[in-house]
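First up is the structure itself, then whatever we jot down about it.
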Amino acid sequence: MDSFLSSITSFMKKIPDHRPRDLDQLIRPRCVVLSFPLQFPDVSRFLPKHKLLRQPAEPGPAGDLIMSRNEQQQISSEGEDPHQSTSGARTNQEPVGEEGSEDQDKPLHIVWPHRWEHDKNPELFFNTLLKLKERQLHFHLSVLGETFTDVPEVFSEARRVLDPHILNWGFLPSKEEYLRVLCQADVVVSTSNHEFFGVAMLEAVHCGCFPLCPKALVYPEIFPGQYLYATPEQLCKRLQGLCRRPDVARRHIVQVNTASFSWASLKQRFQDLLAAEHL
Numbered sequence: 001m002d003s004f005l006s007s008i009t010s011f012m013k014k015i016p017d018h019r020p021r022d023l024d025q026l027i028r029p030r031c032v033v034l035s036f037p038l039q040f041p042d043v044s045r046f047l048p049k050h051k052l053l054r055q056p057a058e059p060g061p062a063g064d065l066i067m068s069r070n071e072q073q074q075i076s077s078e079g080e081d082p083h084q085s086t087s088g089a090r091t092n093q094e095p096v097g098e099e100g101s102e103d104q105d106k107p108l109h110i111v112w113p114h115r116w117e118h119d120k121n122p123e124l125f126f127n128t129l130l131k132l133k134e135r136q137l138h139f140h141l142s143v144l145g146e147t148f149t150d151v152p153e154v155f156s157e158a159r160r161v162l163d164p165h166i167l168n169w170g171f172l173p174s175k176e177e178y179l180r181v182l183c184q185a186d187v188v189v190s191t192s193n194h195e196f197f198g199v200a201m202l203e204a205v206h207c208g209c210f211p212l213c214p215k216a217l218v219y220p221e222i223f224p225g226q227y228l229y230a231t232p233e234q235l236c237k238r239l240q241g242l243c244r245r246p247d248v249a250r251r252h253i254v255q256v257n258t259a260s261f262s263w264a265s266l267k268q269r270f271q272d273l274l275a276a277e278h279l
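Numbers 1 to 279, taken from UniProt numbering, label the letters of the sequence shown in order.
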């Protein structure tokens, strides 16, 4: 809301006539932010044991808590045709190498659940993973999301080079399979250059994934600073640390209250606003 209101004055200067003075101050009392409402299904049947054993955290005044200093030190010190999905063949309803496994030492499972388009900046994501591979770090990879007519070339090359790490590749045929993979993953990454809300990231957090997002766009309004990176180097360093200590991500309770973005929580606010007599 602040970004909207703070931009009004500069925008009004571009209008040739009828420029109300102090418009931002006039409308501020009547402005309200309502998040995009999401439906979060029960995914407990898909969750591995270590996620089920986590205890829910109590959100602080700002709706978040801070990653423990010990966790921060552990992380920071460690420094085919892409249009075709192979997820069905590779997973057979279960991600390869994940079924029945509760081994905390298994490789970090990284998921990227976004549209296969340039505005999601897949180049940054795959370049980062190639650096991890060059450093001989172990990780598993699931690249989900829809494809359209113009698929960036980086996907076909990344699939070839990263093939030994891939568990799931491409759009999954059902929501259930999609949620199952998110529940098995450890870390969800966004590299977007364009994002209005970030539904996929919140769905992944609902499924117990540790989020890493750009310190830009809508993300700072939703995710505490511990889940944000400002540069490609920071993203690489965070993933490098988690690859070396995947148990840190698996033990961590993500401090984002996804319930506050659910339709169950927001329904009454929408109804009250839309039914208000002054509208």
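Beta carbons are placed, not taken as given, at the ideal position from N, Cα and C, and that holds for glycine.
Grab the span of the beta strand (DSSP E) containing residue i for me, first residue to last.
{"i": "Leu141", "result": "139-144"}
{"i": "His109", "result": "108-113"}
{"i": "Leu167", "result": "166-169"}
{"i": "Val32", "result": "No beta strand (DSSP E) contains Val32, which DSSP labels as neither H nor E."}
{"i": "Glu210", "result": "The question names Glu, but residue 210 is Phe in the sequence shown. Where Phe210 is concerned, the enclosing beta strand (DSSP E) stretches over 210-214."}
Excluding the five sequence neighbours on either side, which residues of its own chain have a C-beta within less than 8 Å of the C-beta of residue i, listed in chain order?
{"i": "Ser262", "result": "Pro37, Leu38, Gln39, Phe40"}
{"i": "residue 283", "result": "Outside the modelled stretch of the chain, which goes from 1 to 279, sits residue 283, for which no answer is possible."}
{"i": "Ser10", "result": "none"}
{"i": "Asp17", "result": "none"}
{"i": "Phe270", "result": "Leu34, Pro37"}
Tell me which residue opens and which closes the alpha helix (DSSP H) that residue i is part of.
{"i": "Ile8", "result": "2-12"}
{"i": "Ile15", "result": "From DSSP, Ile15 is part of no alpha helix (DSSP H); its letter is neither H nor E."}
{"i": "Pro220", "result": "219-222"}
{"i": "Cys183", "result": "175-184"}
{"i": "Phe46", "result": "No alpha helix (DSSP H) holds Phe46; DSSP gives it neither H nor E."}
{"i": "Val199", "result": "199-206"}
{"i": "Val161", "result": "154-161"}
Measure the beta-carbon distance from residue i to residue j and round it to whole angstroms, keeping in mind my assumption that it falls under 8 Å.
{"i": "Phe126", "j": "His165", "result": "Contact flag wrong, Cβ pair sits at about 11 Å."}
{"i": "Trp112", "j": "Val151", "result": "Not a contact, Cβ separation roughly 14 Å."}
{"i": "Leu266", "j": "Val32", "result": "Rounded, the Cβ-Cβ distance is 12 Å, inconsistent with contact."}
{"i": "Ser142", "j": "Leu167", "result": "5 Å"}
{"i": "Arg30", "j": "Leu5", "result": "Incorrect: roughly 11 Å between the Cβ atoms, too far for contact."}
{"i": "Val43", "j": "Leu144", "result": "About 15 Å; that fails the 8 Å criterion."}
For a quick check, are the C-beta atoms of residue i and residue j less than 8 Å apart?
{"i": "His114", "j": "Ala200", "result": "yes"}
{"i": "Tyr229", "j": "Leu212", "result": "yes"}
{"i": "Cys183", "j": "Leu47", "result": "yes"}
{"i": "Ser192", "j": "Lys120", "result": "yes"}
{"i": "Thr128", "j": "Leu202", "result": "no"}
{"i": "Gln255", "j": "Pro224", "result": "yes"}
{"i": "Thr147", "j": "Phe171", "result": "yes"}
{"i": "Val161", "j": "Pro122", "result": "no"}
{"i": "residue 368", "j": "Gln268", "result": "With the chain covering only 1 through 279, there is no way to say anything about residue 368."}
Quick one: residues in its chain with C-beta nearer than 6 Å to the C-beta of residue i, no 5 flanking neighbours on either side, listed in chain order?
{"i": "Pro107", "result": "His138, Phe139, His140"}
{"i": "Gly88", "result": "With a pLDDT of only 42 at Gly88, under 50, the local geometry of the prediction cannot be trusted, and the value read off the model is given with reservation. Result list for Gly88: empty, nothing under 6 Å."}
{"i": "Leu12", "result": "According to the sequence displayed, residue 12 carries Met and not Leu. Within the same chain, Met12 has close Cβ partners Arg19."}
{"i": "Ser190", "result": "Met201, Cys213"}
{"i": "His206", "result": "Phe40, Thr258"}
{"i": "Asp64", "result": "The predicted position of Asp64 is uncertain, since its pLDDT is 36 and thus under 50; no value can be drawn from it."}
{"i": "Lys175", "result": "none"}
I'd like the list of long-range same chain contacts for residue i, defined as Cβ closer than 7 Å, with 5 residues on each side in sequence excluded.
{"i": "Gly208", "result": "Leu47, Lys51, Cys183"}
{"i": "Leu242", "result": "Ile75, Leu108, Val187, Val248, Ala249"}
{"i": "Leu23", "result": "Ile8, Met12"}
{"i": "residue 312", "result": "Nothing can be reported for residue 312, as the shown portion of the chain is limited to 1 through 279."}
{"i": "Ala158", "result": "Phe126"}
Please indicate yes or no: does the CB of residue i lie closer than 7 Å to some heavy atom of the ligand ZN?
{"i": "Trp169", "result": "As for the ligand ZN, it is missing from this structure, which has no ligand bound."}
*Which full runs of the beta strand (DSSP E) of 3+ residues lie inside the segment 225-257, going along the chain?*
none
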